[in-house]
Amino acid sequence: MHAYLSGNFAPVSNECGLTPCLYVGEIPEELWGGQYIRNGGNPNPAHFTSTGKGERTADYHWFDGDGMLSGVFFQRDANGGVTPCFVNKFLITDVYLAEKSLTGPLLPSITTLVSPDVPLRRLSGVILRSLWLSLKSAVLRISVANTNIIFHARRALATCESGPPLEVHLPGLETVDWWTFGTRRTAQSKEQKGLGSKGGLAGMFEEWMTAHPRIDPITSELIFFGSSFLPPFVRYSVISSSGKPLPSLLAHPLPIPSPKMMHDFGASLKHSIILDLPLTLDPRNMLRGYPIVRLAEGMKSRFGVLPRYEPDNVRWFESEPCVIFHTANSWDEIDANGETTAVCMLACRFRSANLVYAAGGILSNSRWEVKDDVCRLFFYRFDMRPGRNVISDEYALSAIPFEFPSLSHRKSMQYARYIYGCTMREGSFDAALGRAVKIDCLAKMDVHHLIARPDSRSVPEILRDQQGGPTSGISIFEMPKGWYAQECTFVPRETGTDEGDGWLVTYVFDESQLLEDGSVPEDAKSELWIIDARDMRTVVAKIRLPQRVPYGLHGTFVTERQIDSQHPIEELQIRTSSGGPELNDFAAPIMLCLVMIFNVLMWSRVGSRVAWTQF
Numbered sequence: 001m002h003a004y005l006s007g008n009f010a011p012v013s014n015e016c017g018l019t020p021c022l023y024v025g026e027i028p029e030e031l032w033g034g035q036y037i038r039n040g041g042n043p044n045p046a047h048f049t050s051t052g053k054g055e056r057t058a059d060y061h062w063f064d065g066d067g068m069l070s071g072v073f074f075q076r077d078a079n080g081g082v083t084p085c086f087v088n089k090f091l092i093t094d095v096y097l098a099e100k101s102l103t104g105p106l107l108p109s110i111t112t113l114v115s116p117d118v119p120l121r122r123l124s125g126v127i128l129r130s131l132w133l134s135l136k137s138a139v140l141r142i143s144v145a146n147t148n149i150i151f152h153a154r155r156a157l158a159t160c161e162s163g164p165p166l167e168v169h170l171p172g173l174e175t176v177d178w179w180t181f182g183t184r185r186t187a188q189s190k191e192q193k194g195l196g197s198k199g200g201l202a203g204m205f206e207e208w209m210t211a212h213p214r215i216d217p218i219t220s221e222l223i224f225f226g227s228s229f230l231p232p233f234v235r236y237s238v239i240s241s242s243g244k245p246l247p248s249l250l251a252h253p254l255p256i257p258s259p260k261m262m263h264d265f266g267a268s269l270k271h272s273i274i275l276d277l278p279l280t281l282d283p284r285n286m287l288r289g290y291p292i293v294r295l296a297e298g299m300k301s302r303f304g305v306l307p308r309y310e311p312d313n314v315r316w317f318e319s320e321p322c323v324i325f326h327t328a329n330s331w332d333e334i335d336a337n338g339e340t341t342a343v344c345m346l347a348c349r350f351r352s353a354n355l356v357y358a359a360g361g362i363l364s365n366s367r368w369e370v371k372d373d374v375c376r377l378f379f380y381r382f383d384m385r386p387g388r389n390v391i392s393d394e395y396a397l398s399a400i401p402f403e404f405p406s407l408s409h410r411k412s413m414q415y416a417r418y419i420y421g422c423t424m425r426e427g428s429f430d431a432a433l434g435r436a437v438k439i440d441c442l443a444k445m446d447v448h449h450l451i452a453r454p455d456s457r458s459v460p461e462i463l464r465d466q467q468g469g470p471t472s473g474i475s476i477f478e479m480p481k482g483w484y485a486q487e488c489t490f491v492p493r494e495t496g497t498d499e500g501d502g503w504l505v506t507y508v509f510d511e512s513q514l515l516e517d518g519s520v521p522e523d524a525k526s527e528l529w530i531i532d533a534r535d536m537r538t539v540v541a542k543i544r545l546p547q548r549v550p551y552g553l554h555g556t557f558v559t560e561r562q563i564d565s566q567h568p569i570e571e572l573q574i575r576t577s578s579g580g581p582e583l584n585d586f587a588a589p590i591m592l593c594l595v596m597i598f599n600v601l602m603w604s605r606v607g608s609r610v611a612w613t614q615f
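Residue numbers (UniProt numbering): 1 to 615.
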């Protein structure tokens, strides 16, 4: 039984329209008219055995699966109150449409790409199968849009780094279309491209965008990068508050020497921070007998700090090897003359890539494998004074495991005091083989306190100390025994004067509903909890959902004003699951891309050495 296909990790097959929910407690007025939405992979259950116990017929990884949005819309009612309504929908991607007629996934699993034990012949077969099915199905873009969701320039956008963002319409979660920051396609007109306007292979990779773009809370600009395994390996973009690219800052190439598995980056009000870490995503690894995704031994971590509007003026800082999937916040230190003396970053730092392997149910054969690799909230300070280029500070702020960070959107890119995230009483985020990451605690980190005085206590020690009253540095919300949470989102109180005055919103699940064999019954249900972020103790409301929400990835809260700002749904061309992918000028580049990967595999069999210039 695959740990990430069993219990509440198991996919759901039911799509639920906006459905009123019962609740207890009081729903804060700041949520009224808004919607909490969470994204996550939901693989097609038909691609696995029918036992319902997570037994698999193909490789699977926690990061695989078609994107599914699960949301609670806090609908204002006619009586002046609020009614929470649950809705969940598959994201209608090209891959989702193509897979409807298949007996297995269209794309290779991340497990297949990272496993050191996959024979070359088998990997070649997987690549050939994807090549043929993509050609046969006329797949346009290979993104499954299963990682995150943001709201920018009147659009809700589902993201995944293997393609452009996918626009959805709120609150019904209808899929609109891919968004490349050009002009919208309607029933009467075709899209004018922004990203990918070059067409061909270069245009396809130019469209790719990180799953974690950053929105400036002051200018409302959208900052992001895109990475791929063909040069230029990283492109950098800045989009205006209206959704239009800034001149010369659309897909601007950055000097990264080799392809990497880049998931996130840092952004302050003045700078961006690119993470050039040793986790590679390189088909050339096959020439050396390694998997495509691999932690390169002996390679340093590099951090590229660049002015937001001057990407060519990047400064590089080196550090010990590490793996970072998520940054929590970044900010500038400014002197009396208005000059930046340092750029600081908080990140969730692993010492190895154990999580990548554990989430696929496989073992790593890397010499870098670290036993009990605890992901900790790490502080970096990059000295920006002329001629320095040193990391003046880099250390963990606490000893507890910490991942899936969140903060008040009002304080992002600034020296925020509080960072919220997920932790656990026992274990860590690099769960042992055969086990899955489960979150039974939420943590509130007082960054100002912890930078000055790091905390060495464990989660049980902090919980024990809290029994005598609030403690400094770290506050922990403890789930009831057998209940587990997901990533939380902070929603500020409109009239609050303190940064921490607001609520945490998260989906929770009671695992006492599971059957004796660990499988999940059809009638299992999740809840949405609203937690007082000030005391990290009080659950102000519990919303009973009509079905369960599998443990997933990232979410956001969209305000009533943002929802009302969307283009009317009548003006949009909505995608439906009854259609199929379109065939256009990207179909050929996708095929060419897969052919190149296949050629690398074939060349490796005869010991050929291929330079990227030959591509």
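Even for Gly, the Cβ is constructed at its ideal location relative to N, Cα and C.
Host beta strand (DSSP E) of residue i (start-end)
i    : result
V82  : 82 to 90
R294 : 293 to 295
M445 : 441 to 446
I574 : Counting along the chain, I574 falls outside any beta strand (DSSP E), and DSSP gives it neither H nor E.
V540 : 539 to 544
E333 : 323 to 334
L562 : The sequence given here places Gln at residue 562; Leu does not occur at that position. Per DSSP, Q562 belongs to no beta strand (DSSP E); it is in the alpha helix (DSSP H), 560 to 565.
W132 : Run containing W132: none in the beta strand (DSSP E); it sits in the alpha helix (DSSP H), 120 to 137.
Y380 : 376 to 383
Rounded separation between residue i and residue j - CA only
i    : j    : result
T327 : V82  : 35 Å
V176 : D393 : 45 Å
G41  : N337 : 48 Å
G298 : R464 : 41 Å
P307 : L97  : 41 Å
R548 : C16  : 11 Å
L592 : C160 : Low per-residue confidence applies at L592: pLDDT is 48, beneath 50, and the placement is therefore not dependable enough to give any value.
L106 : D332 : 44 Å
I462 : P454 : 13 Å
R121 : E571 : 49 Å
P217 : I400 : 29 Å
F477 : G194 : 44 Å
A267 : I215 : 9 Å
G196 : S6   : 39 Å
Buried/exposed call for residue i, threshold 16 Cβ in 10 Å
i    : result
K89  : buried
T147 : buried
V24  : exposed
I273 : buried
S130 : buried
K438 : buried
P460 : exposed
Q566 : buried
S70  : buried
Y4   : buried
W132 : exposed
Where residue i sits in the DSSP three-state scheme
i    : result
P460 : helix
F74  : strand
Y507 : strand
D282 : coil
H152 : strand
A587 : At A587 the pLDDT is 49, less than 50, meaning the model places this residue with poor confidence and gives no usable figure here.
V520 : coil
S398 : strand
L528 : strand
Y415 : coil
P164 : coil
A347 : strand
G226 : strand
E403 : strand
Residue i CB to nearest heavy atom of the ligand SAM below 7 Å
i    : result
R435 : Ligands displayed in this structure: none; no statement on the ligand SAM is therefore possible.
Interface flag, residue i vs chain C, CB-CB below 8 Å
i   : result
P11 : In the displayed structure, chain C is absent; only one protein chain is listed.
N- and C-terminal bounds of the alpha helix (DSSP H) containing residue i
i    : result
G469 : That residue, G469, is in no alpha helix (DSSP H); it is neither H nor E in DSSP.
T111 : 110 to 114
M424 : Element bounds for M424: n/a, residue is neither H nor E.
V238 : Run containing V238: none in the alpha helix (DSSP H); it sits in the beta strand (DSSP E), 234 to 239.
Give a yes or no on contact between the region 472 to 492 and the region 376 to 393, applying the rule of three or more CB pairs nearer than 8 Å.
no
So, does the region 32 to 39 touch the region 542 to 556, judging by three or more C-beta pairs under 8 Å?
yes
Can we say the region 318 to 325 touches the region 239 to 249, given the rule of at least three CB pairs closer than 8 Å?
no
Is it true that the region 65 to 85 meets the region 123 to 138, where meeting means three or more beta-carbon pairs spaced less than 8 Å apart?
Taking 8 Å as the limit for Cβ pairs, the verdict is that the region 123 to 138 does not touch the region 65 to 85.
Between the region 286 to 301 and the region 218 to 226, are three or more C-beta pairs nearer than 8 Å?
no
Assess, as a yes-or-no matter, whether the region 377 to 387 is touched by the region 343 to 352 under the definition of 3 or more beta carbon pairs within less than 8 Å.
yes
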